[in-house]
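Let me begin by presenting the structure, written as structure tokens, before commenting on it.
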Amino acid sequence: MSTEVPLLQVEDLTKLFPIRRGLFQRVIGHVRAIDGVGFDIRRGEIFGLAGESGSGKSTLARIVVGLDGASSGRIRFVGEDVHTLRGTRGFRRRVQMVFQNPGSSLNPRRSIEQTLSVPLRFHGIAPSAIAPRVRELLEMVELPASFRAKYPFELSGGQKQRVAIARALAVEPELLVLDEPTSALDVSVQAKVIELLMRIRNELDLSYLFISHDLSLMRNFTTRIAVMYLGKLCEMGFTGDVFDHPAHPYTQGLISSVPVVSEEEAALKPAVERIRGEIPSPANVPPGCSFHTRCPAAFRPCRIDDPAFVQVGFEHRTRCHLFPRDSTA
Amino acid sequence: MSDLALSPSATPDESSRHRAWRRGWYRFRRNPAAVAGLVLVVLVVVAALGAPWLAPSPESAGTFVNFGERHQPPSLHHLFGTDNVGRDVFSRVLYGYRVSLLLVVFVLGLSVPFGVLLGLLAGYYGGWIETVIMRITDIFLAIPALVMALAITAALSPSLMNGMIAISLLWWNWHTRLIYTTVHALRHEEYVEAAKIAGASDAHILFREILPNCISVISVKVTLDAGFVILIGAGLSFLGLGAQPPTPDLGTMVASGANYLPEDWWESVLPGLAILFAILGFNLLGDGLRDLLDVEVS
Numbered sequence: 001m002s003t004e005v006p007l008l009q010v011e012d013l014t015k016l017f018p019i020r021r022g023l024f025q026r027v028i029g030h031v032r033a034i035d036g037v038g039f040d041i042r043r044g045e046i047f048g049l050a051g052e053s054g055s056g057k058s059t060l061a062r063i064v065v066g067l068d069g070a071s072s073g074r075i076r077f078v079g080e081d082v083h084t085l086r087g088t089r090g091f092r093r094r095v096q097m098v099f100q101n102p103g104s105s106l107n108p109r110r111s112i113e114q115t116l117s118v119p120l121r122f123h124g125i126a127p128s129a130i131a132p133r134v135r136e137l138l139e140m141v142e143l144p145a146s147f148r149a150k151y152p153f154e155l156s157g158g159q160k161q162r163v164a165i166a167r168a169l170a171v172e173p174e175l176l177v178l179d180e181p182t183s184a185l186d187v188s189v190q191a192k193v194i195e196l197l198m199r200i201r202n203e204l205d206l207s208y209l210f211i212s213h214d215l216s217l218m219r220n221f222t223t224r225i226a227v228m229y230l231g232k233l234c235e236m237g238f239t240g241d242v243f244d245h246p247a248h249p250y251t252q253g254l255i256s257s258v259p260v261v262s263e264e265e266a267a268l269k270p271a272v273e274r275i276r277g278e279i280p281s282p283a284n285v286p287p288g289c290s291f292h293t294r295c296p297a298a299f300r301p302c303r304i305d306d307p308a309f310v311q312v313g314f315e316h317r318t319r320c321h322l323f324p325r326d327s328t329a
Numbered sequence: 330m331s332d333l334a335l336s337p338s339a340t341p342d343e344s345s346r347h348r349a350w351r352r353g354w355y356r357f358r359r360n361p362a363a364v365a366g367l368v369l370v371v372l373v374v375v376a377a378l379g380a381p382w383l384a385p386s387p388e389s390a391g392t393f394v395n396f397g398e399r400h401q402p403p404s405l406h407h408l409f410g411t412d413n414v415g416r417d418v419f420s421r422v423l424y425g426y427r428v429s430l431l432l433v434v435f436v437l438g439l440s441v442p443f444g445v446l447l448g449l450l451a452g453y454y455g456g457w458i459e460t461v462i463m464r465i466t467d468i469f470l471a472i473p474a475l476v477m478a479l480a481i482t483a484a485l486s487p488s489l490m491n492g493m494i495a496i497s498l499l500w501w502n503w504h505t506r507l508i509y510t511t512v513h514a515l516r517h518e519e520y521v522e523a524a525k526i527a528g529a530s531d532a533h534i535l536f537r538e539i540l541p542n543c544i545s546v547i548s549v550k551v552t553l554d555a556g557f558v559i560l561i562g563a564g565l566s567f568l569g570l571g572a573q574p575p576t577p578d579l580g581t582m583v584a585s586g587a588n589y590l591p592e593d594w595w596e597s598v599l600p601g602l603a604i605l606f607a608i609l610g611f612n613l614l615g616d617g618l619r620d621l622l623d624v625e626v627s
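Protein chains in written order, with my numbering: chain A, 1 to 329; chain B, 330 to 627.
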């Protein structure tokens, strides 16, 4: 363990959404979108967060950037509680986000220059310095300066996403939250955007929280990875460890469902059954281990007790009854 | 890129906004009803603005009398005939459009910004702000506009000014409702949230990010409204509660001409048709814009 204070610390975070019914909108229950999630992101790291839709990963992203509040738990940024930082320009400036759908994250009525100048204007950049900075940002995301005057409808999906990345970079953040930044794009464009993100990270010494449902995408460039299922982390570790020795049946299933092109690759994949069925509704989480309804390895205790998040290797944790107690290697 | 530069229609320095407008205009031209509406509206506006020069007898707009020529049927000399004191009805109709458009500009100029502002606030902030604004709006919506305008103008003294104030008091709520619904859908758009993360102020988000996306809805609604405001204004003055004689108001002309029906039909029917003309124009244009801009205006 390094002694350096992590860039971002998420501690026992929970987010409940009330379910309301009837004439007076009485609260009749809660959706546990996020349930006791904790992880760190270290400076310079690319932290991957994987999970199916409905697992709570986008909700987590919204809480990290301050769009939503948490129900309980804490987020620290460089050791300081984000609650006290929130709303202050300083925090806003240090954590930025790129949304999934570049089509809707750019205002159709505003030119690219107008869109890019918003973060600059609101972070005290002198008006005379805005135009050169916009040009610099476009260059950084490999778009011609003439794009300043264009409107979103004139841009392709990949170009729009580059503009969205430029907007996030405008105020020189330290952490970039990327919520499925490539899943709305064509595969060929995806690779280019990922390439761009990697280049920018190296140049600007950024850290990323990279959220995706696509494990294969994360394998190549994330430092560590966490897998989320129904609001809980079920496995977390260095990317290589998780891919080589996935502990949780869910992670094993996800990795084995990644399509492969060669027989050698197929031989490397763990021989496990595919995950059956659909993710249950977060409003109605199964008792015990929330994954037991779909788990090929489920046995008695899985239906009764929720397993603990135990250590199964160096900085490798999982939440499964197959690993009853800390068995640190 | 090179074929773009060779094409004569797309000059490289033509702004993209300009091109979007040209595309819109092309689609608009293909809708005959909308074009008819535009023509009618342009005619009405030209008649109103140009009345002093276009009217064959500008003095007919005022207290002028010419008993020698009263109740003359339409002729080349008096296109729409003359009224009971011998004033030229055609000239009075042209001046009447001035009053109608003054009414539209005053009422919508006052009530639309107010209604839109309330709708923006209610839709964006939600919570108790939404509850207070929207319940007040609902109360005003529950009262039929014409009935309320009658009550207000009757309580105050009947005049064009009081009529305009009464209609303005009743008009903002439609815009509040419409913008509230629009903003409610827009406030969770990712570009709004992206602006928040970028550190933008609420004022910036409301007026620079959200409002520009409401402009098409507002412009369609305002165009449709113009016809209704003319109708209500004419209704008020027909009942004697709006513009007072000798102001050349179309509603007042229909009312005073009605005394000489059916023999001297032109004194009421032709100003009535003039009202119809204007309302039809604004409605067709509004419908055309709605199709063009693809917006929902309930």
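C-beta atoms are modelled at their ideal positions from N, C-alpha and C, and glycine is treated no differently.
message = Which residues does DSSP list as the beta-bridge partners of P18(A)?
response = Beta-bridge pairing by DSSP links P18(A) to H30(A).
key: Minimum Cβ-Cβ distance from F77(A) to chain B less than 8 Å   = Under the Cβ distance rule, F77(A) does not count among the residues neighbouring chain B, no pair being separated by less than 8 Å.
message = Could you compute how far the alpha carbon of S216(A) sits from the alpha carbon of L169(A)?
response = Each residue's alpha carbon lies about 26 Å from the other.
Close Cβ partners of A514(B) (< 7 Å) along its chain, the five nearest in sequence each way excluded = There are no such residues.
query = Start and end of the alpha helix (DSSP H) containing I63(A)?
reply = Looking at the DSSP string, the run of the alpha helix (DSSP H) that includes I63(A) is K57 to V65.
request  = Give a yes or no on whether 8 Å exceeds the smallest Cβ distance from N542(B) to chain A.
outcome  = It does; some Cβ of chain A falls within 8 Å.
task = Please compile the residues from chain A whose C-beta is within a distance smaller than 8 Å of the C-beta of K525(B).
result = Neighbours of K525(B) on chain A, chain order: L67.
task = Using a Cβ-Cβ cut-off of 8 Å, state whether A514(B) counts as contacting chain A.
result = Residue-level contact by beta carbon fails for A514(B) and chain A, as no gap is shorter than 8 Å.
ask   = Are G38(A) and E11(A) touching if we call contact CB-CB under 8 Å?
value = Result yes, Cβ atoms of G38(A) and E11(A) sit closer than 8 Å.
task = Can you grab the Cα-Cα spacing for the pair E398(B) / H406(B), in whole Å?
result = In a straight line, the C-alpha of E398(B) is about 11 Å away from that of H406(B).
Neighbour flag for A365(B) against chain A, beta carbons, 8 Å = No, its Cβ sits nowhere closer than 8 Å to a Cβ of chain A.
inquiry  = If we define contact as Cβ-Cβ less than 8 Å, is A529(B) a contact residue for chain A?
reply    = With its beta carbon less than 8 Å from one in chain A, A529(B) belongs to the interface.
request  = Residues of the region 379-392 of chain B with a CB closer than 9 Å to any CB of chain A: list them in chain order, please.
outcome  = Per Cβ criterion, the list is empty.
ask   = What in chain E is Cβ-close to L106(A), meaning under 7 Å?
value = In summary, chain E is missing from the structure at hand, where the protein chains are A and B.
ask   = What residues of chain B sit near R167(A), judged by a beta carbon separation below 8 Å?
value = Those are A523 and A527, listed as they occur along chain B.
request  = State the start and end residues of the unbroken alpha helix (DSSP H) segment that holds Y680(B).
outcome  = A query on residue 680(B) cannot be resolved here, the shown segment of chain B reaching from 330 to 627 and no further.
inquiry  = For a contact defined as C-beta to C-beta under 9 Å, what are the partners of E538(B) on chain A?
reply    = Ordered by position in chain A, the residues that pass the 9 Å Cβ test against E538(B) are N107, R109, R110 and V118.
inquiry  = With the cut-off set at 8 Å, would you say G410(B) and V418(B) are in Cβ contact?
reply    = Yes. Within cutoff.
request  = Check the C-beta distance from K160(A) over to G103(A) and give it rounded, since I have them as a contact under 8 Å.
outcome  = Correct: roughly 7 Å between the Cβ atoms.
Counterpart residues of F147(A) in DSSP-defined beta bridges = The beta-bridge partner set that DSSP reports for F147(A) is empty.
task = Go ahead and pull the three-state DSSP assignment for T466(B).
result = The answer is helix: DSSP assigns T466(B) an H, G or I state.
key: Contact residues within the region 118-142 of chain A, judged by C-beta distance below 7 Å to chain B   = Considering only beta carbons, the part of the region 118-142 of chain A lying closer than 7 Å to chain B consists of V118, P119, F122 and H123, in chain order.
message = In this structure, how does DSSP classify D81(A) when only helix, strand and coil are distinguished?
response = D81(A): strand per DSSP, three-state reduction.
task = Check whether the Cβ of Q159(A) lies closer than 8 Å to any Cβ atom in chain B.
result = Not flagged as an interface residue toward chain B: Q159(A), since no C-beta distance is shorter than 8 Å.
task = Can you give me, in chain order, the residues of the region 273-302 of chain A that have a beta carbon less than 9 Å from any beta carbon in chain B?
result = Listed by position along the chain: nothing, the set is empty.
Which of helix, strand or coil DSSP assigns to E11(A) = If DSSP states are grouped into helix, strand and coil, E11(A) belongs with the strands.
ask   = Are the C-beta of Q96(A) and some C-beta of chain B separated by less than 8 Å?
value = It does: the Cβ of Q96(A) has a partner Cβ on chain B nearer than 8 Å.
query = Comparing the C-beta of A339(B) with each C-beta of chain A, is any distance below 8 Å?
reply = Low local confidence applies: a pLDDT of 43 at A339(B) is under 50, so the model's placement there is unreliable, with the coordinate-based value given in what follows. The C-beta of A339(B) comes no closer than 8 Å to any C-beta of chain A.
inquiry  = Between the alpha carbons of T251(A) and L209(A), how many angstroms are there, rounded?
reply    = Near 19 Å, if we compare the C-alpha coordinates of L209(A) and T251(A).
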